[in-house]
Structures are given as structure tokens and as C-alpha cells.
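Below is one structure, written out as C-alpha cells, with a few remarks after it.
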Amino acid sequence: MKQKLLLLTLASLLIVLLVPIWQTPAESSEPGKKEVVVVLHGLARSNTAMWRLKQRLEEADFHVETIGYASLNRTSQQIIQEISQQINDCCRSISNRVHFVGHSLGGLLIRAYLVDSRPDNLGRVVLIGTPNRGSEIADYANGKWWGHLAGPAALSLGTTEESFPNTLPEPDYPVGVIAGVRSSDNDELIPGLDDGLVSVESTKLDKMQDFMVVPSGHSMMRYNNQVADQTIHFLRMGRFNKSENL
Numbered sequence: 006m007k008q009k010l011l012l013l014t015l016a017s018l019l020i021v022l023l024v025p026i027w028q029t030p031a032e033s034s035e036p037g038k039k040e041v042v043v044v045l046h047g048l049a050r051s052n053t054a055m056w057r058l059k060q061r062l063e064e065a066d067f068h069v070e071t072i073g074y075a076s077l078n079r080t081s082q083q084i085i086q087e088i089s090q091q092i093n094d095c096c097r098s099i100s101n102r103v104h105f106v107g108h109s110l111g112g113l114l115i116r117a118y119l120v121d122s123r124p125d126n127l128g129r130v131v132l133i134g135t136p137n138r139g140s141e142i143a144d145y146a147n148g149k150w151w152g153h154l155a156g157p158a159a160l161s162l163g164t165t166e167e168s169f170p171n172t173l174p175e176p177d178y179p180v181g182v183i184a185g186v187r188s189s190d191n192d193e194l195i196p197g198l199d200d201g202l203v204s205v206e207s208t209k210l211d212k213m214q215d216f217m218v219v220p221s222g223h224s225m226m227r228y229n230n231q232v233a234d235q236t237i238h239f240l241r242m243g244r245f246n247k248s249e250n251l
């Protein structure tokens with residue numbers, strides 16, 4: 006069984022790494038009077054990976070800034086420096102309210118950015134499938150001969166007290182957390198319900214303003230209509246529409 010789990014985990018990792026991760030420049034235009042949403046993608050993706058959520062947010066009359074970053078062979082701190090420069094460039098001069106939405110690692114990067122660079126006009130934050138308490142998959146990959154393929158940022162996402170997620174302070178701003186649930190071959194590695202990579206319990210924060218579970222796998226959450234609906238609802242209202250919960 007352990008051999009099967011190792012092969013399945015390695016296969017999942019390789020699939021992620023083989024997905025094209027080219028970056029396009031952060032898309033920017035004048036927001037006018039619209040509220041702004043800064044969107045960050047997850048590990049081994051690009052800002053184009055968030056195209057569907059960006060489209061839904063724009064249809065809801067938000068101005069969207071998508072932030073891209075390279076995540077392989079880089080540390081979490083190096084990535085934070087890169088995204089901080091982009092966010093500052095696009096949003097520091099904006100007087101409208103600025104919200105943040107992050108998928109997976111993108112959510113952790115938002116939390117890290119807001120520790121030292123929280124704007125005065127900060128609105129609300131939505132974290133989608135974000136391993137706020139770390140990922141058992143990262144624990145499993147650490148120490149394996151193939152683990153280095155994911156890069157230092159991915160390996161820093163474990164569940165130990167010293168991991169990147171667990172060294173971030175609890176947020177003191179409005180945060181809504183969306184977790185996914187899907188049966189997967191990684192269920193034996195991940196305790197409780199999970200989205201295939203991140204457990205539901207790991208997404209939770211002590212000081213989150215609201216919490217939502219949707220039936221979706223980890224990667225597909227960024228295309229999920231219910232995720233988009235709930236994200237928009239939280240940005241507008243500061244809470245999720247629980248009538249749509251599982």
C-alpha cells in the first residue's frame with residue numbers, strides 16, 4: 006500500500022510540474038470607481054490559471070488584478086518579495102477598496118504580504134483550498150528522493166510548527182475560507198475530509214470570519230461556479246451564502 010501511495014503521490018506531483026507555468030505580465034488597467042480584487046494562483050501555475058475566476062469577478066463588477074509568480078526552485082520568501090513588488094506597483098495608488106483572493110499557496114502568500122504591507126483600504130480576503138495549517142502531502146514528500154522536484158516552496162508547506170503556513174500570524178482582517186471535498190487516492194495520507202491535496206481541517210483559521218465547504222477537488226476549485234459565487238458573496242457581504250453549503 007505504501008508503494009502504491011508513493012507512486013500515486015509522485016505521479017500527482019509530476020502532473021503538476023509538467024503543466025505549463027509560463028507567466029504573463031500582471032494585467033492592469035484603471036479601476037475607475039470599481040472595488041479592486043487582487044487574485045493569486047497556486048503552486049506551479051501562472052496568473053492565466055485564474056482566468057475563469059477573474060472573468061466571474063469582472064462580471065460581478067469588480068476590477069481584477071491577477072498576480073503571477075514563479076514557484077518552482079524558489080523559497081517562499083523569494084516568492085513573497087516578487088508578489089509584493091507586483092501588488093505594490095498595481096495597487097498602492099488605488100484609493101478604492103482592495104480585496105484579495107488566493108487559491109492554495111496563493112492564499113498563504115496573501116497572508117504573508119498583509120503582515121507587513123496591509124493597505125489602509127483593505128477590504129476582505131477569501132482563501133480557496135489554502136493549507137493554512139500545512140499539508141500532509143508536503144510532509145510525505147519531504148525526505149523522499151523525488152521531493153526536491155517540487156522545489157523548496159512546496160516542501161515548506163508541511164504541518165510542523167516551523168513550516169511556512171504555521172509561522173504566519175492569524176489574520177486580524179475579514180477572512181472567508183473555502184475548502185473542497187473530493188474522494189482521492191491520497192485519502193490514506195490526509196486525515197479526515199480533503200480535496201485530494203489539502204484536508205478540510207487544514208484550511209481553517211481560528212480567526213476566520215466565515216467558512217464554507219464545496220464539493221470540488223483541489224485544482225478544479227478555481228474553475229468551480231459555486232466557489233466563484235461564494236467568493237463574490239463574501240467580498241460583497243462579509244459572509245458566505247450558507248443555503249448553498251453541503
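Heads up, the sequence shown is in the working numbering, so the first residue is 6 and it goes up one at a time.
All C-beta atoms, glycine included, are put in the ideal place defined by N, C-alpha and C.
Below 8 Å on the Cβ atoms is my guess for residue i versus residue j; work out the distance and round it to an integer in Å.
i	j	result
Gly185	Ser221	4 Å
Ala158	Gly152	That belief does not hold up - the Cβ atoms of Ala158 and Gly152 are roughly 12 Å apart, past 8 Å.
Gly112	Ile133	7 Å
Val131	Gly181	5 Å
Met217	Phe245	4 Å
Pro170	Arg138	6 Å
Leu45	Gly107	4 Å
Ser161	Ser76	Not really, about 11 Å apart at Cβ, beyond 8 Å.
Gly128	Glu64	At roughly 18 Å, the Cβ-Cβ gap does not stay under 8 Å, so Gly128 and Glu64 are not in contact.
Using the Cα positions of residue i and residue j, report the straight-line distance between them to the nearest angstrom.
i	j	result
Leu202	Arg79	21 Å
Gln91	Ile84	11 Å
Val103	Cys96	8 Å
Ser168	Leu58	29 Å
Ser252	Tyr178	It is not possible to answer for residue 252, since the shown part of the chain is limited to 6 through 251.
Gly37	Leu173	33 Å
Val205	Ala143	16 Å
Trp150	Ser140	18 Å
Glu116	Arg123	For clarity, residue 116 is Arg in the given sequence; the question names Glu instead. Near 9 Å, if we compare the C-alpha coordinates of Arg123 and Arg116.
Ala155	Met242	37 Å
Glu166	Leu62	35 Å
Ser100	Asn126	7 Å
Ser98	Ser224	33 Å
Leu240	Asp66	12 Å
Leu194	Val219	21 Å
Val42	His68	6 Å
Asp215	Asp94	30 Å
Leu114	Lys209	16 Å
Label residue i either buried or exposed according to how many other C-beta atoms from any shown protein chain fall within 10 Å of its C-beta, with 16 as the threshold for buried.
i	result
Pro196	exposed
Val120	exposed
Thr236	buried
Asn230	exposed
Ser248	exposed
Ser109	buried
Asp200	buried
Ser188	exposed
Gly148	exposed
Looking at residue i and the ligand ZN, is the gap between the Cβ and the nearest heavy atom below 7 Å?
i	result
Lys247	Absent from the structure shown: the ligand ZN. Ligands present: none.
Minimum length 3: unbroken beta strand (DSSP E) runs contained in the stretch 207-241: For the stretch 207-241, whole beta strand (DSSP E) runs of length 3 or above, ordered along the chain, are 215-219.
The stretch 72-79 contacting the stretch 44-52, beta-carbon criterion three pairs below 8 Å: Flag = yes, the stretch 72-79 and the stretch 44-52 touch.
Beta strand (DSSP E) segments (min. 3 residues) lying fully within the stretch 121-193: Qualifying beta strand (DSSP E) stretches, in chain order: 127-133, 180-185.
Every unbroken alpha helix (DSSP H) within the stretch 72-123, with a cutoff of 4 residues, ordered by chain: Complete alpha helix (DSSP H) runs here, min 4: 81-96, 110-122.
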